[in-house]
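Residue numbers (the UniProt record's numbering): 1 to 118. Input: a single structure, listed below in structure tokens.
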Amino acid sequence: MSTIKNHVQLIGNVGQEPIITNLESGKKVARFSLATNEYYKNDNGEKVQNTEWHTVVAWGKTAEIIEKYAGKGKEIGVSGKLKSRSYEDNDGIKRYVTEVEANEILLLGIKNGNTSAE
């Protein structure tokens, strides 16, 4: 049960081209936004779409997979955990962020067995 204490699974679309950073250690880190959609009917019976945006961070081999195959608009599944951190912005104001740290990526929406990036 300890593996489900801080566990996130999302399926969505990559919001913009992932930002890939090569660290001095040779390790890669990928950062991107992921849009997930929820649909429901309002009181008038009209279909309503609600989009949530999530910031995703991936390291090492997972970042390499994202760099090669997960471009803007691509549908992917992400499995990982929530991480919170704080930083000081350029104006000296302390900011807080919560991100999904991905440890597994599932490429979805692949047609005709084509696994290369579009």
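Even for Gly, the Cβ is constructed at its ideal location relative to N, Cα and C.
Cβ separation of Phe32 and Val14, assumed to be a contact under 8 Å, to the nearest whole Å: 6 Å
Proximal residues to Leu82 (C-beta, below 8 Å), its chain only, five neighbours per side dropped: Around Leu82: Asn6, Val8, Thr98, Glu99, Val100 and Glu101.
Where Asn114 falls, given that 16 or more other Cβ within 10 Å makes a residue buried: With a pLDDT of only 47 at Asn114, under the threshold of 50, the placement of this residue in the model should not be trusted, and no figure is reported.
Close Cβ partners of Leu23 (< 7 Å) along its chain, the five nearest in sequence each way excluded: Val29
Element boundaries [beta strand (DSSP E), containing Glu101]: From DSSP, the beta strand (DSSP E) with Glu101 extends over Lys94 to Leu107.
Boundaries (first-last residue) of the beta strand (DSSP E) holding Gly12: Segment Val8 to Val14, the beta strand (DSSP E) holding Gly12.
Pairwise C-alpha distance: Asn44 and Glu67: 43 Å
7 Å Cβ shell around Lys47 - same chain, five flanking residues per side excluded: Tyr39 and Lys41
4 or more residues per run - each alpha helix (DSSP H) lying fully within the stretch 5 to 84: 60 to 69
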